[in-house]
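Here is the structure we will look at.
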Amino acid sequence: MVRVVLLKHGSPYTNYGLKQGFNLTRDWQTFTTEFDTKGFAGTVDDGRLMFYLAPYAKAGDKYYFDSVVLEEETE
Numbered sequence: 002m003v004r005v006v007l008l009k010h011g012s013p014y015t016n017y018g019l020k021q022g023f024n025l026t027r028d029w030q031t032f033t034t035e036f037d038t039k040g041f042a043g044t045v046d047d048g049r050l051m052f053y054l055a056p057y058a059k060a061g062d063k064y065y066f067d068s069v070v071l072e073e074e075t076e
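Read left to right, the sequence shown gives residues 2 to 76 (our numbering).
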């Protein structure tokens, strides 16, 4: 399991609209998700995209992430 979160890069660590868990296996997988930003008005320059492995990871585990992309949805 990995939890992916988009949040403010400082106290009070406001969630900016993404908090999603993904179940991992030993095989390469592709995950996609859509979310709406929230928790702020206008634009921000303090966002943090976090891949949260604790408390799921165990000593010696290895994780690989490739081609992480954030795109604005266009209509």
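A virtual CB, placed ideally from N, CA and C, is assigned to each residue, including glycine.
Only a predicted model underlies this, so the values are computations on that prediction, with no experimental measurement involved.
Cα-Cα separation, residue i to residue j
i          : j          : result
residue 20 : residue 28 : 23 Å
residue 16 : residue 56 : 19 Å
residue 45 : residue 37 : 14 Å
Residues that residue i bridges to, as DSSP identifies them
i          : result
residue 49 : 8
residue 22 : 4
Residue i, DSSP secondary structure in three states
i          : result
residue 17 : strand
Own chain, CB closer than 7 Å to residue i, minus 5 neighbours either side, in chain order
i          : result
residue 34 : 21
residue 25 : 2 and 3
Minimum C-alpha distance to residue i - residue among the options
i          : options           : result
residue 68 : 40, 31, 43 and 18 : 31
residue 63 : 10, 54 and 39     : 54
residue 8  : 43, 39, 66 and 48 : 48
Cutoff 6 Å; reference residue i; Cβ partners in own chain excluding five residues on either side
i          : result
residue 51 : 6
residue 60 : none
residue 40 : 15, 16 and 17
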